[in-house]
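Accompanying notes for the structure given below.
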Amino acid sequence: MPASATLPRLPLPKDRAQHLSSLVEGLDEISLWWLSGYAAGLAGKLAPPAEAQPEPRSEPEAGTRLTIVYGSQTGNAKRVAEQLSRQLEAAGLHVRVLRADAYPLRELAKERWLYVVISTQGDGDPPDDARGFVDFLSGRRAPKLESLSYAVLGLGDSGYPQFCVTGQKLDARFAELGANRLLDFAAADLDIETIAEPWTRRALDSARDALRVPAIPTNVTPLRPHAEPAESTWSPTRPFAAEVLANQRITATDSSKDVRHIELDLRGAGFDYEPGDALGVLPRNPPELVEAVLESLHLDGGAEIAHAGDTHPLREWLLTKRELTRLARPFVDALAARNGDTALRSLLQPGQGEALRALLSTQQPIDLLRRYPVEWSGEQLVAALRPLAPRLYSIASSRAVVGDEVHLTVAHVECTSGPDTRWGAASHWLATRVEGGSIEVYLERNERFRLPTDPDRDIIMIGPGTGVAPFRAFLQQRSGSGARGRHWLFFGNPHFRSDFLYQTEWQAALNDGSLQRLDLAFSRDQEQKIHVQQRLRENGRELFDWLENGAHLYVCGATAMARDVEAALRAVIAEHGARTPEAADEYLAALRDSHRHARDIY
Ligand SMILES: Cc1cc2nc3c(=O)[nH]c(=O)nc-3n(C[C@H](O)[C@H](O)[C@H](O)COP(=O)(O)OP(=O)(O)OC[C@H]3O[C@@H](n4cnc5c(N)ncnc54)[C@H](O)[C@@H]3O)c2cc1C
Ligand SMILES: Cc1cc2nc3c(=O)[nH]c(=O)nc-3n(C[C@H](O)[C@H](O)[C@H](O)COP(=O)(O)O)c2cc1C
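Residue numbers for the sequence shown follow this note's numbering, beginning at 9 and rising by one.
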């Protein structure tokens with residue numbers, strides 16, 4: 009049963025049913041299965057009808073069972089962990105795979121075999137579902153782990169200066185606590201499988217040796233981190249070509265932001281998306297940029313280039329297969345090694361974090377190629393660039409309202425660099441698609457970001473800018489289903505007149521009673537900037553009352569905003585809940601742990 013499914017008619021009194029409903033709220037599949045087993049076990053104890061007694065299932069001892077824990081924000085680490093688990097099981101091992109917030113921390117001291125697959129988020133932070141796990145391990149209460157053997161796979165993006173630091177720190181911490189490292193820490197970049205595939209093979213071998221399981225059956229399928237379980241058809245390696253039905257600018261033409269409402273046709277795809285899910289988009293790089301890169305290196309775009317077993321014309325590599333808009337450290341390393349410029353090399357020295365951060369976040373590869381010229385062959389260029397990764401966009405529609413369509417809210421990333429315009433690969437690709445064109449997409453589920461299963465629960469949605477997208481989906485879904493819970497939206501952007509995304513829809517929702525509260529922060533409409541976090545503080549009393557009354561709290565949008573919003577929420581809870589800052593933190597953590605507080609941050 010998916011965590012978001014509504015409860016069937018229950019043979020329980022109403023108050024018990026409500027308790028049960030809040031207990032299962034937001035639990036993932038594994039926790040639900042565990043709970044069902046627990047309940048079945050209790051039922052067995054209460055009334056053991058001899059004929060219905062199942063075979064006693066011996067739970068494997070910690071010594072013979074391997075645990076995989078994953079921490080994942082957008083599903084990649086989860087996918088790798090689940091595939092590793094399938095392979096270990098196929099090899100005959102006892103395995104359990106747990107999301108980090110479902111891992112019973114008190115069992116850690118007894119754990120014998122542990123694999124951790126964890127991504128890094130924010131600015132070197134753990135994913136939300138692993139915050140408790142990482143905090144516990146990093147803190148003073150962490151037990152000695154001398155009988156534990158472990159291995160950690162980190163997932164990250166070398167475009168961030170804090171590349172894979174969460175996994176790295178965990179790996180070091182396990183060692184510090186006395187655990188035995190089975191495999192060296194591995195850090196997977198956006199081309200996850202390049203590292204994850206060999207790591208998984210080694211993890212399988214180590215586990216087999218350690219737990220003395222003889223041979224791998226020949227039918228074990230190789231790991232492909234992006235390959236989905238059999239039931240799902242579309243994936244980053246096999247995307248669905250969705251036709252563009254609409255591409256409409258929803259900010260005024262004189263706005264500093266070009267935000268698009270995009271509607272795609274999903275007929276024939278069979279996507280059963282839910283509000284909270286994201287759509288993965290396979291971008292293409294701007295042709296102008298490809299030509300500029302070819303020109304800067306005096307390379308022939310038609311030349312056939314072989315790399316890692318694939319051969320394509322160089323232009324094709326650059327248009328569809330390599331990152332040309334995001335700068336990452338491996339590219340800077342390769343360029344510095346070839347060009348030898350001392351200023352560039354010095355940026356890569358330890359202690360230059362801030363300068364490197366600025367370089368990675370403000371420059372594109374073309375800027376560096378022009379500033380630090382090199383003679384590279386097509387093969388060398390393709391090898392220095394990372395594979396082009398899909399981008400995620402929060403789904404802004406509910407199937408209950410739009411049927412076989414999906415809607416997105418996309419900010420066109422565009423800026424100038426001298427005489428040139430620079431774009432973001434995916435947002436430019438989406439913004440320049442016209443009706444009738446097609447976009448390659450797949451569905452990225454997000455079980456963490458779900459409406460309450462109880463339709464009577466209130467929800468608080470904080471979504472400035474394009475962060476409002478999933479809340480359009482939430483509201484469509486809830487108003488269509490007759491939910492009685494109240495809805496409160498906090499939205500912000502620079503100007504009321506030019507940047508009020510979906511203004512008429514929110515106003516209609518206020519009028520028809522499906523949206524109870526709308527608080528707005530248009531930052532540049534007055535001298536003093538106002539952001540959503542100020543609105544949170546101003547409405548602190550009521551906000552806290554909603555939370556005390558069981559409301560679910562959602563935050564979506566930019567990383568910096570999410571940090572400020574978190575601080576404001578902490579302040580509101582401390583003030584109106586008469587708590588210390590530490591106790592306010594615990595309050596928020598408890599909301600997170602009970603799946604009443606979810607964030608989608610980018
Ligand atoms: C779970 C999730 C949900 C998301 N939902 C949405 C959504 O609903 N709507 C939406 O618009 N985006 C959303 N994003 C962000 C989206 O995935 C892309 O990161 C974004 O569109 C930029 O991608 P790009 O390919 O256009 O730019 P890139 O090619 O990735 O970046 C090009 C350059 O621009 C810089 N850059 C990237 N983003 C910005 C920015 N916002 N402002 C200034 N410079 C930038 C980069 O540092 C880089 O130098 C979401 C991300 C995640 C993880
Ligand atoms: C908002 C945001 C911040 C990120 N910050 C980092 C970072 O600081 N360091 C890093 O190595 N990767 C960072 N990443 C990249 C993710 O770790 C990477 O995409 C990973 O594959 C995600 O795995 P997950 O889906 O399991 O969370 C960030 C990604 C996002 C969306």
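Built from N, CA and C at the ideal position, the CB exists for glycine as well.
| said: Given 7 Å as the limit, tell me if C172 has its C-beta closer than that to any heavy atom belonging to ligand 2. | reply: yes
| task | Could you say which of V418, I581 and E303 lies nearest to E612 if we only look at CA atoms? | result | Summary: the structure shown does not reach residue 612, with the chain confined to residues 9 through 610, and so no result is reported for it.
| said: By the three-class DSSP mapping on this structure, what secondary structure does A591 have? | reply: helix
| Hey, how far is the Cα of S425 from the Cα of S385? | 26 Å
| Exposed or buried, S405, counting other C-beta atoms within 10 Å across all chains shown (16 or more means buried)? | buried
| query | Do you know how far the Cα of R486 is from the Cα of R465? | reply | 11 Å
| request: Give a single yes or no on whether P291 has its beta carbon closer than 7 Å to a heavy atom of ligand 4. | output: Among the ligands present in this structure, namely ligand 1 and ligand 2, ligand 4 is not found.
| request: Just the C-alpha distance for S263 and A419, rounded to the nearest angstrom, thanks. | output: 12 Å
| task | Give the straight-line distance between the Cα atoms of F508 and H539, rounded to the nearest whole angstrom. | result | 14 Å
| said: Using a Cβ distance threshold of 8 Å, determine whether the stretch 148-157 contacts the stretch 193-212, with at least three qualifying pairs required. | reply: no
| query | Do you know whose CA, among G175, A568, A215 and A138, lies nearest A98's CA? | reply | A215
| field | Close beta carbons around D165, own chain, < 6 Å, minus the five adjacent residues each side | value | L198
| request: For the beta strand (DSSP E) containing T429, list its first residue and its last residue. | output: D428 to W431
| R107 - partner residues in DSSP beta bridges | Y78
| request: Can you tell me which of the three DSSP states F171 falls into? | output: coil
| query | So Q388 is in the alpha helix (DSSP H); what residue range does that whole segment cover? | reply | G386 to A392
| query | Run through DSSP, which three-state label would P338 get? | reply | helix
| field | C-alpha distance - D601 paired with G130, whole-angstrom precision | value | 19 Å
| request: Pick helix, strand or coil for D608, following the three-state DSSP scheme. | output: strand
| said: Given this structure, state the Cα-to-Cα distance separating P398 from G288, to the nearest angstrom. | reply: 6 Å
| task | For the alpha helix (DSSP H) containing A211, list its first residue and its last residue. | result | I200 to A218
| query | Okay, do the stretch 316-332 and the stretch 277-287 touch, 3+ Cβ pairs below 8 Å being the bar? | reply | no
| Sorted by chain position, which residues of the same chain lie with C-beta nearer than 7 Å to E90's C-beta, five sequence neighbours on each side aside? | V105
| message | Which of the three DSSP states is assigned to D137 in this structure? | response | helix
| So, are the CB atoms of A249 and S435 less than 8 Å apart? | no
| field | F141 vs A150 beta-carbon contact at 8 Å | value | no
| query | Would V267 pass as a contact of T474 if the rule is Cβ separation under 8 Å? | reply | yes
| request: Verify the contact flag: H610, CB atom, against every heavy atom of ligand 1, threshold strictly below 7 Å. | output: With the sequence shown as reference, residue 610 is identified as Tyr, and His is not the correct amino acid for it. Result yes, Cβ under 7 Å from ligand 1.
| query | Taking just the CA atoms, how far does G83 sit from E594? | reply | 26 Å
| Proximal residues to I573 (C-beta, below 8 Å), its chain only, five neighbours per side dropped | Reading off the sequence, residue 573 comes out as Val, not Ile. Hits under 8 Å: I470, V540, Q541, L544 and V563.
| Do the CB positions of D280 and F457 come within less than 8 Å of each other? | no
| query | Can you tell which of L96, W121, R292 and Y168 has its C-alpha closest to the C-alpha of F182? | reply | W121
| Reference A314; option with closest CA among N547, R87 and L389 | L389
| Taking the alpha-carbon positions, what's the P373 to P169 distance? | 16 Å
| query | So who's on the other strand from W496, going by DSSP bridges? | reply | I468 and R525
| query | Can you tell me the Cα-Cα spacing of R394 and A204, whole angstroms? | reply | 16 Å
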